[in-house]
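Take a look at the structure set out below.
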Amino acid sequence: MGRIPIMAVSPVVDGGRFPASAAEGERVPLTVNAFREGHDAMGVQVRLRDPDGAESVLPLEPLNPGLDLWRGYAIPDRPGHWSFTVEAFSAPYATWAHVAEVKIPAGIDVDLVCAEGVQVLAPVIEEAEAGLRPASDATLARAAIDALRSHALGPQGRVAPALAADLAAVLRERPLREGVTTAGPYPLVVHRRRALFGSWYEFFPRSEGARFDPEHGGWRSGTFATAARSLDRIAAMGFDVAYLTPIHPIGTTFRKGRNNTLEVAEGDPGSPYAIGSPDGGHDAIHPDLGTMEDFDAFVGRAKELGLEVAMDIALQCSPDHPWVAEHPEWFVVRPDGSIAYAENPPKKYQDIYPLSFDTDYEGLYAAIRDMLELWVSHGVTLFRVDNPHTKPVRFWEELLAEFDEKHPEVIFLAEAFTRPTMMHTLGKVGFHQSYTYFTWRHTPEELSEYALELAEAAHYMRPSFWPTTHDILTPFMSGGGEAAFRLRAILAATLSPTWGIYSGYELVEDVPRPGAQEQIDNEKYEYKPRDYLGALRSGRSLEPLLTRLNTIRREHPSLQTLTDVTFHRADDPQVLVFSKHLPGEATPGGVADTVIVVSLTEHDRDSGTAVHLDLEALDVPGPFEVEDLLTGERFTWDADPFVILSAGSRPAHVLRIVREHA
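With full-length UniProt numbering, the residue at position 409 of the sequence shown is 409, and numbering never jumps.
Below is the structure:
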């Protein structure tokens, strides 16, 4: 246990079995339960070690003395493997100062209190002489000791230098410590900023530039060259990541037709998730899209525009994948000699063979690792992994550790819409980000509860919020039209540091396939070229809103955090109110940044309601000025402002608290 009990250290994942994670520049909360017997004062600090072994000391402050909870913040300044150690100690100066402030004014034990003060301060001089603290500390301590020993001074005069603000400040910064107890070290892996903050835009490259060619009797696929033209529009909307669905050759055996049917018409391109044909597998490009040189040009153009390229990695094969013939041991072979296709009864996916990791684990591991290495060598810096929860967790733990060592800049997003335990474990073993249940959380109670749950797990699982995907169109989104799409974009972009949309979102594509929570005429099974420019010119596009949201996110560091969120109350139970706040010491400009969001959560109603704000959480003393970042309007608010929201014209306020430079 040690002299000073230290309990419940955070961030620590499963007792240190897995490293906690953070991003460079992120304000990482450090909390500890530490206490001692009796009434003597104590202190807690954290010794933070960077990847080069250099140490810095961070003092923790008592957050709630009655609960023995201490808190401080670390802001790691670069990626790498860090660690931290907690140190708790008795604080003899603070104990003596409290006694002196009580007894001296009452004239109790004056000589004894002064003698104790001399005894307490003597180590300051000793430590300075030993080079353990600045000589200036000893100068202050000597002056205080001289006064404590002087009987020519009155009681207050004798203790005044020892209690003075300058010496007290020195001993807060460099405290005298006794009975030092340590806990740790605890691992902390720090990733690059994109692991925490970013805006993703998903699209099917084959649809960008696809056209129907009546002379040749069918569709012509888009290519990397035509898809590259779309990058300008994506970058102009402020997105950071251009995310490509699978770009590999597609099998023809049991190819799916439109809307996932087995009736395949001439020219149907098939699902890009049925990976592999005689043209190659996961390490090849579909011939319709172009060559590897064309892909390199696409990645190069993205980088010119400030975009990173993310690839969709689906670890599954069509029956025509080269691995099926070359390595049948990588699949489940049934008693009749056939390979088992994917199914989730009663659903059947005859065009997809799942991989099996139980027969030749090492061989399959090496093949997947080498395939990912290939795409990294061609400039891919992020991977969205399809259904990682259907693969052994051991595999991900080993693979992600290897990539963390060789390519720490590469980020993996888990598309794991599954049980919470699996989602959390994937984060613990190394996935940088995870899809979430945000898509199905709608009421203020659901959203606030879920956001706080995610904040609690922020040190190992970072969420990515998506209102829709190419696989998911919820009843809320298919029934609410443009109002629903506006509302959910605002919430996703402000509640989570990482968010994304699937192409067509800006056009409010909201018609479901009967009997399924996905779009009709699903792009997985057909080409889907879109007239983005025409929709924009006619005022039918959400591009201006998406652009504004991404601009707001970049300009406000508080929206780039996950843990600094506070939920407030509204009289209307269907209105969500939350704020994100960073103090000046945690922002690049040194000025506190606070954003307040007041939003409807239903797409078919209006609201006029009072909201009730926690001014302490906002770090404002009373009436304050806010600016609506969506409209530019300014208002003077207090703790209980009244707001009017309309699903059609103003579904939400996104407000900054106006704080001018001092």
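Just so it is clear, CB atoms sit at the ideal spot from N, CA and C, and this is done for glycine as well.
All values derive from a computational prediction rather than experimental measurement.
Notebook entry, point to check: Who are Glu-178's beta bridge partners in DSSP?
Noted result: Ser-90
Checklist line | Endpoints, beta strand (DSSP E) assigned at Lys-580 | finding: 575 to 582
Next item on the list: Hey, could you find the ends of the beta strand (DSSP E) His-286 is sitting in?
Entry: Careful: His-286 lies outside any beta strand (DSSP E) and carries neither H nor E.
Notebook entry, point to check: How far does the alpha helix (DSSP H) with Val-170 in it reach, from first residue to last?
Noted result: 165 to 173
Next item on the list: Starting from Ile-644, trace the alpha helix (DSSP H) both ways and give me its first and last residue.
Entry: Note, Ile-644: premise wrong, no alpha helix (DSSP H); beta strand (DSSP E) at 642 to 646.
Notebook entry, point to check: Excluding sequence positions up to five away, which residues of its chain have a Cβ less than 8 Å from the Cβ of Gln-560?
Noted result: Leu-196, Phe-197, Pro-497 and Arg-553
Checklist line | Cβ neighbours of Trp-70 in the same chain (closer than 8 Å, five flanking residues each side left out) | finding: Thr-31, Val-32, Asn-33, Ala-34, Val-44, Leu-60, Glu-61, Pro-62 and Leu-63
Next item on the list: State the beta-bridge partners of Cys-317 as determined by DSSP.
Entry: Bridge partners of Cys-317: Tyr-353.
Item checked: Residue from Leu-231, Ala-162 and Val-620 with nearest C-alpha to Ala-297 -> Here the closest residue by C-alpha is Leu-231.
Check: Are Pro-205 and Gly-217 close, meaning C-beta to C-beta below 9 Å?
Finding: no
Margin query: Nearest by alpha-carbon distance to Tyr-437: which of His-653, Glu-373 and Glu-453 is it?
Written below: Glu-453
Note to self: Assess contact between the stretch 121 to 136 and the stretch 161 to 177, defined as three or more Cβ pairs (one per stretch) separated by less than 8 Å. Is contact present?
What the structure shows: yes
Margin query: I want to check one thing, is the minimum distance from the CB of Thr-439 to the heavy atoms of the ligand GDP below 8 Å?
Written below: What this structure holds is no ligand at all, so the ligand GDP is not there to describe.
Notebook entry, point to check: Who pairs with Gly-72 in a beta bridge, going by DSSP?
Noted result: Paired residues: Leu-30.
Margin query: Going by DSSP in three states, Ser-150 sits in which element: helix, strand or coil?
Written below: The DSSP-derived three-state label of Ser-150 is coil.
Next item on the list: Please determine, among Leu-562, Arg-369, Val-241 and Glu-409, the residue with the shortest C-alpha to C-alpha distance to His-459.
Entry: Considering only Leu-562, Arg-369, Val-241 and Glu-409, the residue with the shortest C-alpha distance to His-459 is Leu-562.
Margin query: Need the endpoints of the alpha helix (DSSP H) that Asn-550 sits in, please.
Written below: 543 to 555 is the extent of the alpha helix (DSSP H) around Asn-550.
Notebook entry, point to check: Nearest CA to the CA of Asp-521: which residue from Ala-8, Arg-78 and Thr-261?
Noted result: Thr-261
Note to self: Rounded to whole angstroms, what is the Cα-Cα separation between Asp-360 and Gly-300?
What the structure shows: 37 Å
Item checked: Contacts around Glu-523, its chain only, beta-carbon distance under 7 Å, and the 5 residues preceding and following it disregarded -> Phe-204, Ser-207 and His-470
Check: Looking at the structure shown, is Gln-156 part of a helix, part of a strand, or coil, going by DSSP?
Finding: helix
Check: Starting from Thr-498 and walking both ways along the beta strand (DSSP E), at which residues does that stretch end?
Finding: 498 to 502
Checklist line | Beta carbon of Pro-272 nearer than 9 Å to that of Asp-320 | finding: no
Note to self: Quick check on Leu-48: does DSSP put it in helix, strand or coil?
What the structure shows: strand
Next item on the list: Indicate whether Gly-2 and Ala-88 have their beta-carbon atoms separated by less than 9 Å.
Entry: Yes, the pair counts as a contact, with Cβ atoms nearer than the cut-off.
Notebook entry, point to check: Cα separation between Ala-401 and Val-241?
Noted result: 23 Å
Next item on the list: Grab me the residues of Thr-636's own chain with a C-beta within less than 7 Å of its C-beta, minus the 5 sequence neighbours each way, in chain order.
Entry: Pro-623 and Glu-625
Notebook entry, point to check: For Ala-162 versus Ala-144, is the C-beta distance shorter than 9 Å?
Noted result: yes
Next item on the list: Compute the Euclidean distance between the alpha carbons of Gly-539 and Leu-645, then round it to the nearest angstrom.
Entry: 22 Å
Next item on the list: Would you mind sorting Thr-494 into buried or exposed? The rule is 16 or more other CB atoms within 10 Å of its CB.
Entry: buried
Next item on the list: Check Ser-538 in the structure and name its three-state DSSP category.
Entry: coil
Notebook entry, point to check: Going along the chain, which residues of its own chain have a beta-carbon closer than 6 Å to the beta-carbon of Ala-662, five neighbours each way excluded?
Noted result: Reliability fails at Ala-662, whose pLDDT of 38 lies under 50, so the model's placement of it is uncertain and the value that follows must be treated cautiously. Once the five neighbours on either side are set aside, Ala-662 has no close Cβ partner at all.
Next item on the list: Closer than 8 Å by C-beta to Leu-156: which residues in its own chain qualify, once you throw out the five before and the five after it? Chain order, please.
Entry: First, the amino acid is wrong: residue 156 is Gln here, not Leu. Cβ neighbours of Gln-156 beyond the five flanking positions: Ile-104 and Pro-105.
Check: Between which two residues does the beta strand (DSSP E) carrying Ser-271 extend?
Finding: Unbroken run through Ser-271: none, as it is neither H nor E.
Check: Across which residues does DSSP place Gly-198 in a beta bridge pair?
Finding: Thr-498
Next item on the list: Give the straight-line distance between the Cα atoms of Ala-516 and Lys-348, rounded to the nearest whole angstrom.
Entry: 15 Å
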